[in-house]
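Enquirer: So that we are looking at the same thing, I have put the structure below in C-alpha cells.
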Amino acid sequence: MNPELGDGTRVVHAVSGEPGEPFGAQPVFASAFHLGGPDYYGRAGNPTWRSLESALGSLEGGECVVFPSGMAAISTLLRAVLSTGDTLVVPSDGYFLTRKFVSEMDVNVVEVPTAGPYPSFAGVKLVLLETPSNPGLDVCDIAALADAAHAAGALLAVDNTTATPLGQRPLELGADIVVASDTKAVAGHSDVLFGHVTVASPELATRVRDARTVNGAIPGPFEAWLVLRGLGTLDLRLARQAENAAAIYELLKGRVANLRWPGASDDPSYLVAAQQMRRFNGVLTFELDDVAAVNEFLARSKLVSAATSFGGLHSTADRRAQFGDPVPEGLVRFSAGCEDTRDLVADVSQALGLV
Ligand SMILES: *Cc1c(COP(=O)(O)O)cnc(C)c1O
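Letter by letter, the sequence shown follows residues 1447 to 1801 in the numbering used here.
Structure below.
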C-alpha cells in the first residue's frame, strides 16, 4: 500500500476486496478443501486469515501471521525465536502475562523499565519492547534500541498493541518483529479476541506460520472477519478517541496525580513519542487516592464503565492493581471511547467532583 496515502484511505482500501468481489472478504469456514487450490486443511491456511494478514501486513510494511489472541501471538513468537538458555529482555512495566509466560520458559529473563536505562545487549537473543507501555504509557526510542540490539546480534520485537498499526510502524523504525493484540483498538468493538505477528523477514514469517500450524493456536474465520470489519473504521475511531483523550487530559491536568498521555506536549513521553509515533490514541492513565476513590468515580459516572481491555467504542476505566499489575492501588487506565467529547468531559468532570 502506498505509504503516502492518508490513514482513512489506507484502512478502507486494505479491507475492500477486488472488483467483482464483495466489499471486504467474507468468512470461509472450511476445515477441508478440494485439493488443487491454495488451501488443503483449515489449521494450515484459510482465505479469511490471508485477507486480514494482507491488510495488516500492508499497513505495517511486513508479512503478517494472525492468531486467536494477543497472547497466542506473543507465546508462539517467543517459542519460535528462543531456545533453552537464551537471554531475553522484556519490559518490567509491560503487559503482565508476557512476563508470566517467559518466567515459565527455560530462558534468562532481564526485565527493564520501558523508559530505561537499558543495559548492554551483549549475549541477548531477543529484545522485546512495549511502547507506549501498558499501563504506564512510558515510551522508548525504537530506532536507537533496534540499532543497539542489531549491533549486539539480537533481534528486536515491539508489542505495538497500544499504538496500533496506524499509530506506529516499528518495522520502518528498524524493528524486526511486531506483535500485537488486536482485541483492543484494531478490532475495536469489545466483541472479539485476536492477535498478530508481523515480521520483515520472509524466513521468520514462515517459521512463525509453521509454528502456528504445529501448535494449533489458530483463529476462527468468523473472528478474523470481525477484525477485518473493525479495521476499516480504525482511522475514524482513533481520531475520536484521541480527541476525547486530549480533552480529558486538559480537564484532569493539575487535578489528579501522575496523569499520563503521550500525546500531550508536557508529558514525559512526548518528545520520543512525537518523533516515532504517527498519531496518538485514546488511552491515558492517572492516579486517584485509593480503591474507594476509584469506586466512587465509577459509581458517579454515567458514561464510563468499569472494564478491563481498552480501545473499544465505549469509554472504560480499569483499576489495574486489581489484576496484579505492580502499580499503585488507585491507578486508573482510562480508555476514551467514541462518545461525543462534550458529553464525556461533562460526565468525567461531575464524576470526579470537579464541578
Ligand atoms: C491485551 C494485551 C496483550 C494480550 O492480548 P490478548 O488479545 O488479550 O491475548 C498483549 N500485550 C498488550 C500490550 C496488551 O494490551
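Backbone N, C-alpha and C fix where the C-beta goes; we use that ideal spot for every residue, glycine too. As the structure is a prediction and not an experimental result, all values here were calculated from the model.
(1) Report the CB separation of Ala-1763 from Leu-1744 in whole angstroms; it is logged as a contact under 8 Å.
(2) Assuming Ser-1636 and Gly-1758 make a contact with CB atoms under 8 Å, what is their CB distance in whole Å?
(3) Please classify Phe-1469: is it buried, with 16 or more other beta-carbons within 10 angstroms of its beta-carbon, or exposed?
(4) Say the cut is 8 Å; is the CB of Ala-1561 nearer than that to a heavy atom of ligand 1?
(5) So, using beta-carbon positions, are Pro-1578 and Pro-1708 closer together than 9 Å?
(6) Is Ser-1647 near ligand 1, in the sense that its beta carbon is under 8 Å from a heavy atom of that ligand?
(7) Pick out whichever of Leu-1602, Cys-1586, Ala-1501, Pro-1493 has its Cα sitting closest to the Cα of Leu-1524.
(8) Could you name the residues of the same chain whose beta carbon sits closer than 6 Å to that of Val-1750, not counting the 5 residues immediately before and after it, in chain order?
(9) Taking only beta-carbon atoms, is Pro-1648 less than 9 Å away from chain B?
(10) Here's the rule I'm using: 16 or more other beta-carbon atoms within 10 Å means buried, otherwise exposed. How should Glu-1506 be labelled?
(11) Answer yes or no: do Ala-1631 and Leu-1684 have a C-beta to C-beta separation smaller than 9 Å?
(12) Which runs of the alpha helix (DSSP H), 4 residues or longer, sit entirely within the stretch 1684-1729?
(13) Please list, in chain order, all residues of the same chain as Lys-1748 whose beta carbon is under 6 Å from its beta carbon, the five residues on each side excluded.
(14) Report the residue from Gly-1582, Ala-1753, Thr-1644, Ala-1598 whose alpha carbon sits nearest the alpha carbon of Pro-1604.
(15) Just to check my reading of the structure: Thr-1522 and Ala-1657 have Cβ atoms closer than 8 Å, yes? What is that Cβ distance to the nearest angstrom?
(16) Rank Tyr-1564, Gly-1700, Leu-1528 by C-alpha distance to the C-alpha of Ser-1538 and give the top, closest one.
(17) Give the DSSP-derived three-state secondary structure of Ile-1664 in the structure shown.
(18) In this structure, what does DSSP give as the bridge partners for Arg-1675?
(19) What are the start and end residues of each continuous beta strand (DSSP E) run of 3 or more residues lying completely inside the stretch 1530-1572, in chain order?
(20) Can you give me the C-alpha to C-alpha distance between Ser-1647 and Gly-1503, rounded to a whole angstrom?
(21) Could you tell me the boundaries of the alpha helix (DSSP H) in which Ser-1521 lies?
(22) Which partner residues does Leu-1601 have in the DSSP bridge list?
Expert: By the coordinates alone:
(1) Residue numbering aside, residue 1763 sits at position 317 when the sequence shown is read from its first letter. Residue numbering aside, residue 1744 sits at position 298 when the sequence shown is read from its first letter. At roughly 6 Å, the Cβ-Cβ gap stays under 8 Å, so Ala-1763 and Leu-1744 are in contact.
(2) By one-based count along the sequence shown, residue 1636 stands at place 190. By one-based count along the sequence shown, residue 1758 stands at place 312. Confirmed, Cβ separation roughly 4 Å.
(3) Here residue 1469 refers to the residue found at position 23 of the sequence shown. By the 10 Å Cβ count, Phe-1469 comes out exposed.
(4) Here residue 1561 corresponds to residue number 115 of the sequence shown, with the count starting at 1. Every heavy atom of ligand 1 is 8 Å or more from the Cβ of Ala-1561, so no.
(5) Position 132 of the sequence shown holds residue 1578. Position 262 of the sequence shown holds residue 1708. Yes.
(6) What you label residue 1647 is simply residue 201 of the sequence shown in a count that begins at 1. No; taking the cut-off as 8 Å, the Cβ of Ser-1647 has no heavy atom of ligand 1 nearer than that.
(7) Here residue 1524 refers to the residue found at position 78 of the sequence shown. When each option's Cα is compared against that of Leu-1524, the closest is Leu-1602.
(8) Residue numbering aside, residue 1750 sits at position 304 when the sequence shown is read from its first letter. Answer for Val-1750: Ser-1761, Ala-1763, listed in chain order.
(9) In the structure shown, chain B cannot be found, because there is only a single protein chain.
(10) Within the sequence shown, numbered from 1, the residue matching residue 1506 stands at position 60. Buried: at least 16 other Cβ atoms inside 10 Å.
(11) Taking the first residue of the sequence shown as 1, we reach residue 1631 at position 185. Taking the first residue of the sequence shown as 1, we reach residue 1684 at position 238. Yes.
(12) 1716-1722
(13) Sequence index remark: in the sequence shown, residue 1748 carries index 302 (1-based). Taken in chain order, the residues that qualify are Asp-1793.
(14) For the purposes of this step, residue 1604 is taken as the residue at position 158 of the sequence shown. Position check: residue 1604 holds Val in this sequence, whereas Pro was assumed. Nearest of Gly-1582, Ala-1753, Thr-1644, Ala-1598 to Val-1604, Cα basis: Thr-1644.
(15) Mapped onto the sequence shown, residue 1522 falls at position 76. Mapped onto the sequence shown, residue 1657 falls at position 211. With a Cβ gap of about 5 Å, Thr-1522 and Ala-1657 count as contacting.
(16) As a first step, residue 1538 is located in the sequence shown; it is residue number 92 there, counting from the start. Per the Cα distances, Tyr-1564.
(17) In the sequence shown, counting from the first residue as 1, residue 1664 sits at position 218. Of the three classes helix, strand and coil, the one that applies to Ile-1664 here is coil, per DSSP.
(18) Against the sequence shown, residue 1675 aligns to sequence position 229. None, per the DSSP bridge assignment.
(19) 1533-1537, 1554-1558
(20) Along the sequence shown, read from residue 1 onward, the residue named residue 1647 stands at position 201. Along the sequence shown, read from residue 1 onward, the residue named residue 1503 stands at position 57. Those two C-alpha atoms are separated by around 12 Å.
(21) Mapped onto the sequence shown, residue 1521 falls at position 75. Looking at the DSSP string, the run of the alpha helix (DSSP H) that includes Ser-1521 is 1516-1527.
(22) Working through the sequence shown from its first residue, we reach residue 1601 at position 155. DSSP, once it has assigned bridges, lists Leu-1572 as partnering Leu-1601.
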